[in-house]
Amino acid sequence: MASPKVEPAKVSDGFAIQTLNLTKIFNSLVAVDSIELNIKKGELFALLGPNGAGKTTTINMLCCLLKPTGGTAKIMGYDVLKQPFKVKEIIGVSPQETIISEHLNCQENLNLIGRIHGLKARELRVRSQQLLETMGLSDRAKDQVRKFSGGMKRRLNIMMALIHSPEILFLDEPTLGLDPQARRAIWEYIIQLKGKKTILLTTHYMDEADFLADRIGIMDEGKIVALGTSTELKISILEKHTMIIYAWNLTQKVINEMRGRYEEVEVSDGTMMISDKQLDFKEIVDRLHTYGAIVRSAYIKEPTLEDVFLHVTGKELRE
Amino acid sequence: MRFWEFCRRNLKETYRDPLALGFLLGFPLLFMLLFGAIFSGDTTPNYPIGVIDNDGTPVSQAFVDEALAEVPVLEVSTYEDAASAMENLKLGNISAYIIIPHGFGEQISRSWQDEEANITLEITYDESDFMATGQIISTISAVTRSFAHIEVPITINTNPIHIETEITYIDFIAPGIIIFGLLIMIPTSARIIVHDKEKGFLSRLLTTPLRPVEFISGYSLCLVVIAIAQIIIFILVGWLLGMDIVGSVGLAFLIFFLTGLCSIGIGMVVASLSKSENQAEPLCWIFAMPLAILSGCWFSVEMLPSYLRNVAYAFPYAHAIDASKAVITRGVGMEVVSNDVLFLAGWTAVIFAIGVILFRRSMRS
Numbered sequence: 284m285a286s287p288k289v290e291p292a293k294v295s296d297g298f299a300i301q302t303l304n305l306t307k308i309f310n311s312l313v314a315v316d317s318i319e320l321n322i323k324k325g326e327l328f329a330l331l332g333p334n335g336a337g338k339t340t341t342i343n344m345l346c347c348l349l350k351p352t353g354g355t356a357k358i359m360g361y362d363v364l365k366q367p368f369k370v371k372e373i374i375g376v377s378p379q380e381t382i383i384s385e386h387l388n389c390q391e392n393l394n395l396i397g398r399i400h401g402l403k404a405r406e407l408r409v410r411s412q413q414l415l416e417t418m419g420l421s422d423r424a425k426d427q428v429r430k431f432s433g434g435m436k437r438r439l440n441i442m443m444a445l446i447h448s449p450e451i452l453f454l455d456e457p458t459l460g461l462d463p464q465a466r467r468a469i470w471e472y473i474i475q476l477k478g479k480k481t482i483l484l485t486t487h488y489m490d491e492a493d494f495l496a497d498r499i500g501i502m503d504e505g506k507i508v509a510l511g512t513s514t515e516l517k518i519s520i521l522e523k524h525t526m527i528i529y530a531w532n533l534t535q536k537v538i539n540e541m542r543g544r545y546e547e548v549e550v551s552d553g554t555m556m557i558s559d560k561q562l563d564f565k566e567i568v569d570r571l572h573t574y575g576a577i578v579r580s581a582y583i584k585e586p587t588l589e590d591v592f593l594h595v596t597g598k599e600l601r602e
Numbered sequence: 089m090r091f092w093e094f095c096r097r098n099l100k101e102t103y104r105d106p107l108a109l110g111f112l113l114g115f116p117l118l119f120m121l122l123f124g125a126i127f128s129g130d131t132t133p134n135y136p137i138g139v140i141d142n143d144g145t146p147v148s149q150a151f152v153d154e155a156l157a158e159v160p161v162l163e164v165s166t167y168e169d170a171a172s173a174m175e176n177l178k179l180g181n182i183s184a185y186i187i188i189p190h191g192f193g194e195q196i197s198r199s200w201q202d203e204e205a206n207i208t209l210e211i212t213y214d215e216s217d218f219m220a221t222g223q224i225i226s227t228i229s230a231v232t233r234s235f236a237h238i239e240v241p242i243t244i245n246t247n248p249i250h251i252e253t254e255i256t257y258i259d260f261i262a263p264g265i266i267i268f269g270l271l272i273m274i275p276t277s278a279r280i281i282v283h284d285k286e287k288g289f290l291s292r293l294l295t296t297p298l299r300p301v302e303f304i305s306g307y308s309l310c311l312v313v314i315a316i317a318q319i320i321i322f323i324l325v326g327w328l329l330g331m332d333i334v335g336s337v338g339l340a341f342l343i344f345f346l347t348g349l350c351s352i353g354i355g356m357v358v359a360s361l362s363k364s365e366n367q368a369e370p371l372c373w374i375f376a377m378p379l380a381i382l383s384g385c386w387f388s389v390e391m392l393p394s395y396l397r398n399v400a401y402a403f404p405y406a407h408a409i410d411a412s413k414a415v416i417t418r419g420v421g422m423e424v425v426s427n428d429v430l431f432l433a434g435w436t437a438v439i440f441a442i443g444v445i446l447f448r449r450s451m452r453s
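As given, the protein sequences belong to chains U and Z, one line each in that order.
For the first sequence, position 217 matches number 500 in the numbering used here, and the numbering has no gaps at all.
For the second sequence, position 148 matches number 236 in the numbering used here, and the numbering has no gaps at all.
Next up, the structure:
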């Protein structure tokens with residue numbers, strides 16, 4: 284689960300973000316409990332966990348907003364404690380709350396962040412035009428953003444993290460509170476960035492982590508409790524496979540035959556659920572036909588990240 | 089210039105918000121007009137004058153006790169000598185004094201007997217109060233002529249002097265009101281900064297390479313523009329209400345400007361110490377209101393017991409009022425107010441230094 288430890292002084296070239304025993308304690312509450320993360324350059328890493336798991340606190344320490352109580356982190360080799368301004372130059376942050384300057388228009392908001400990062404006028408114009416087009420806000424560039432919808436503000440929030448082409452991108456709950464359509468649009472944009480930027484994304488939507496991330500760290504109560512690719516995580520908890528079959532003519536004979544061959548067989552309302560360590564899709568369908576059942580549809584159920592979370596923490600991943 | 093970009097953003101946030109702008113510029117306007125209206129009431133004037141009777145004859149006594157005392161707009165008091173009358177004139181207790189020369193009674197008697205007479209009175213008055221003096225001189229002239237039963241004008245040797253301490257009411261109150269208006273820059277500054285803090289905008293920018301000094305200069309430059317606009321409004325409205333700046337307008341502006349800067353600095357310190365607007369606002373008023381009272385915005389610091397006066401002078405506002413009053417009403421130059429101006433500048437420098445330290449500290453929690 285935990286990645287190999289890296290010596291603090293030496294920065295392995297492949298890693299863009301490294302945390303070393305990173306800890307944050309608020310009064311007596313341990314918000315982040317000595318986490319060790321190694322995120323490769325160009326990787327899209329998702330921190331998945333319920334609210335209050337410590338995801339935002341972790342991001343805030345990485346982007347130099349919060350001082351760690353213990354340990355430290357390195358961003359492209361720069362220590363967040365010793366070289367915060369070096370770190371700030373190479374990161375882009377899209378905070379969880381939509382934070383934009385309400386009385387400024389879209390373009391002015393982008394200009395502000397761009398200029399603070401030292402972008403030249405021409406560069407700024409080209410970059411913001413590109414961003415406005417991809418994010419579908421070109422025609423609203425000159426409108427004051429207080430009139431924007433939640434989804435538009437959210438997109439601007441992300442654009443402000445991207446205007447200066449940062450090497451490292453922190454996206455804290457990028458689609459929080461958005462409707463499915465707006466979420467999809469943002470996902471598609473994030474997919475485009477994959478491989479070009481190192482992205483650390485936090486989310487409590489498992490489909491988001493599943494869809495976007497190269498690797499996922501499941502976080503709970505300040506700790507990384509599981510880490511790996513989506514498939515790795517799912518396989519890691521896979522003790523049994525489950526197949527769901529919708530069929531006609533599921534006679535008692537059929538059921539008894541199947542119960543004799545597989546560990547668990549449950550039937551209800553024309554649906555048969557078969558669980559075992561090994562399942563062969565074709566074999567099961569053929570066997571059912573042999574015994575006279577007519578299979579209408581069948582599939583092997585994949586475990587979800589929800590199952591993984593339940594397995595690792597014993598809790599449901601819900602808001 | 090990163091701070092300039094940030095400052096521009098702050099200005100836009102302010103002037104594009106009609107409510108905020110209305111408050112920032114409308115408030116000083118309303119404030120000055122209100123005070124102006126309160127203190128320019130049209131009550132019947134009553135002029136206190138002094139009389140020194142060097143003649144000492146029954147005729148001159150009758151002139152004082154009967155003729156002058158009968159005039160409703162005059163309030164006559166007698167003095168032994170010119171020196172004590174002059175002192176009272178300087179203190180503003182009387183608007184003018186008349187010296188009845190030796191031989192006045194004799195000349196009046198001649199006039200009564202239709203003989204040629206040379207009646208002389210000597211009036212000393214404060215020329216800065218020309219409305220009053222015009223009325224006093226013409227009144228005395230009329231009274232004397234009727235007393236002497238003559239139609240021709242009598243000789244009145246007028247002796248105008250300019251007394252610096254004698255000032256109109258608006259001149260007297262305007263500096264205090266303006267300084268109070270600039271004291272209100274404390275909550276104004278704190279509110280603008282804490283608003284960003286509360287909304288998370290400050291944190292958002294703290295993830296960028298913007299440095300503490302740039303934050304401070306970006307905010308203060310924006311606030312300085314607001315302060316300058318307010319000072320211009322204050323001076324213009326004051327001028328329309330009859331305040332005249334006897335001394336250098338530039339010097340008066342400098343004093344007001346430093347005062348505004350000081351308020352901005354204090355506002356920033358309060359903003360660094362508070363987490364929300366709800367915290368910052370009362371904190372500012374707890375600081376600003378007693379200071380306004382102590383510093384002499386509404387009444388003179390001289391009225392305070394000495395220990396409170398010491399407290400008042402530990403803060404910049406009492407100095408600002410003293411200095412601006414001296415420039416506006418007495419026309420003094422930099423050499424007279426330099427101590428006050430230096431005190432203001434020193435305070436401003438110290439408060440800004442504290443602001444930078446606190447801001448830097450609050451940057452990483």
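Glycine included, every Cβ here is placed at the ideal spot set by N, Cα and C.
Just so we're clear, the structure is a prediction, and the values are computed from it rather than from any experiment.
Nearest to residue i (by Cα), restricted to the options the options
i, options, result
"glycine 337 of chain U", "U/Met526, U/His594, U/Glu504 and U/Arg544", "U/Glu504"
"lysine 436 of chain U", "U/Ala581, U/His447, U/Asn392 and U/Gly397", "U/Asn392"
"alanine 521 of chain Z", "Z/Phe403, Z/Ile182, Z/Ser148 and Z/Lys363", "Since the displayed chain Z opens at 89 and closes at 453, residue 521 of chain Z lies outside it and no answer follows."
"arginine 599 of chain U", "U/Leu330, U/His487 and U/Arg408", "Strictly speaking, residue 599 of chain U in this sequence is glutamate, with arginine absent from that position. Nearest option by C-alpha distance: U/His487."
"alanine 315 of chain Z", "Z/Leu271, Z/Ile333 and Z/Arg292", "Z/Leu271"
"aspartate 284 of chain Z", "Z/Gly306, Z/Ser197 and Z/Met174", "Z/Gly306"
Cβ of residue i within 9 Å of any chain A Cβ
i, result
"leucine 293 of chain Z", "The displayed structure is made up of protein chains U and Z, and chain A is not among them."
Residue i versus residue j - alpha carbon distance
i, j, result
"glycine 330 of chain Z", "valine 282 of chain Z", "38 Å"
"alanine 299 of chain U", "glycine 511 of chain U", "17 Å"
"lysine 247 of chain U", "threonine 302 of chain U", "Any answer about residue 247 of chain U is impossible in this case: the structure gives chain U only from 284 up to 602."
"methionine 284 of chain U", "alanine 509 of chain U", "In this prediction, methionine 284 of chain U has a pLDDT of 41, which is less than 50 and means its spatial position is unreliable; what the coordinates show is noted afterwards. Their Cα atoms are separated by approximately 6 Å."
"phenylalanine 447 of chain Z", "aspartate 214 of chain Z", "54 Å"
"leucine 156 of chain Z", "glutamate 163 of chain Z", "9 Å"
"leucine 415 of chain U", "glycine 433 of chain U", "16 Å"
"phenylalanine 456 of chain Z", "phenylalanine 341 of chain Z", "For chain Z, the structure presents residues 89 to 453; residue 456 of chain Z sits outside this window and is missing."
"asparagine 310 of chain U", "tyrosine 545 of chain U", "54 Å"
"leucine 311 of chain Z", "leucine 298 of chain Z", "19 Å"
"leucine 371 of chain Z", "isoleucine 342 of chain U", "33 Å"
"aspartate 428 of chain Z", "aspartate 259 of chain Z", "19 Å"
"leucine 382 of chain Z", "glycine 269 of chain Z", "15 Å"
"isoleucine 274 of chain Z", "threonine 221 of chain Z", "43 Å"
"arginine 429 of chain U", "glutamate 365 of chain Z", "20 Å"
"proline 106 of chain Z", "leucine 364 of chain U", "42 Å"
"valine 604 of chain U", "arginine 579 of chain U", "Outside the displayed span of chain U (284 to 602) sits residue 604 of chain U, for which this structure offers no information."
"serine 308 of chain Z", "histidine 407 of chain Z", "22 Å"
"aspartate 590 of chain U", "leucine 484 of chain U", "21 Å"
"aspartate 559 of chain U", "arginine 498 of chain U", "28 Å"
"histidine 400 of chain U", "glycine 360 of chain U", "20 Å"
"arginine 542 of chain U", "histidine 594 of chain U", "26 Å"
"arginine 466 of chain U", "proline 457 of chain U", "8 Å"
"glutamate 450 of chain U", "lysine 480 of chain U", "6 Å"
"isoleucine 225 of chain Z", "serine 426 of chain Z", "40 Å"
"isoleucine 474 of chain U", "glutamine 464 of chain U", "15 Å"
"aspartate 316 of chain U", "arginine 397 of chain Z", "56 Å"
"alanine 441 of chain Z", "leucine 588 of chain U", "53 Å"
Whole-angstrom C-beta distance between residue j and residue i, which should lie under 8 Å
i, j, result
"tyrosine 582 of chain U", "isoleucine 527 of chain U", "6 Å"
"glycine 575 of chain U", "valine 537 of chain U", "7 Å"
"valine 139 of chain Z", "isoleucine 188 of chain Z", "7 Å"
"glutamine 223 of chain Z", "valine 161 of chain Z", "7 Å"
Beta bridge counterpart(s) of residue i as assigned by DSSP
i, result
"phenylalanine 453 of chain U", "U/Val376 and U/Leu483"
"isoleucine 528 of chain U", "U/Met555 and U/Ala581"
"proline 136 of chain Z", "Z/Glu163"
Mind checking the segment 353-380 of chain U against chain Z and listing, in chain order, the residues whose C-beta falls within less than 8 Å of any C-beta there?
So the close ones are Pro367, Phe368, Lys371, Glu372, Ile374, Val376, Pro378 and Glu380.
Mind checking the segment 335-348 of chain U against chain Z and listing, in chain order, the residues whose C-beta falls within less than 8 Å of any C-beta there?
Cys346, Cys347 and Leu348
Counting only Cβ-Cβ distances shorter than 7 Å, please list the residues of the segment 300-327 of chain U near chain Z, keeping chain order.
none
Just by C-beta distance, which residues in the segment 104-117 of chain Z are closer than 8 Å to chain U?
So the list reads Arg104 and Asp105, given in the order they occur along the chain.
Given a limit of 9 Å on CB to CB distance, which residues of the segment 285-309 of chain Z reach chain U?
Lys287, Gly288, Phe289, Ser291, Arg292, Leu293, Leu294, Thr295, Thr296, Pro297, Leu298, Arg299 and Glu302
If you measure beta-carbon to beta-carbon, which residues of the segment 419-443 of chain Z are closer than 7 Å to chain U?
none
Given a limit of 8 Å on CB to CB distance, which residues of the segment 392-415 of chain U reach chain Z?
Asn394, Leu395, Ile396, Arg398, Ile399, His400 and Gly401
Positions along the segment 583-600 of chain U whose CB lies within less than 7 Å of some CB in chain Z:
none
Can you list, in chain order, the residues of the segment 352-376 of chain Z whose Cβ is nearer than 7 Å to any Cβ on chain U?
Listed by position, the residues of the segment 352-376 of chain Z near chain U (Cβ gap below 7 Å) amount to none.
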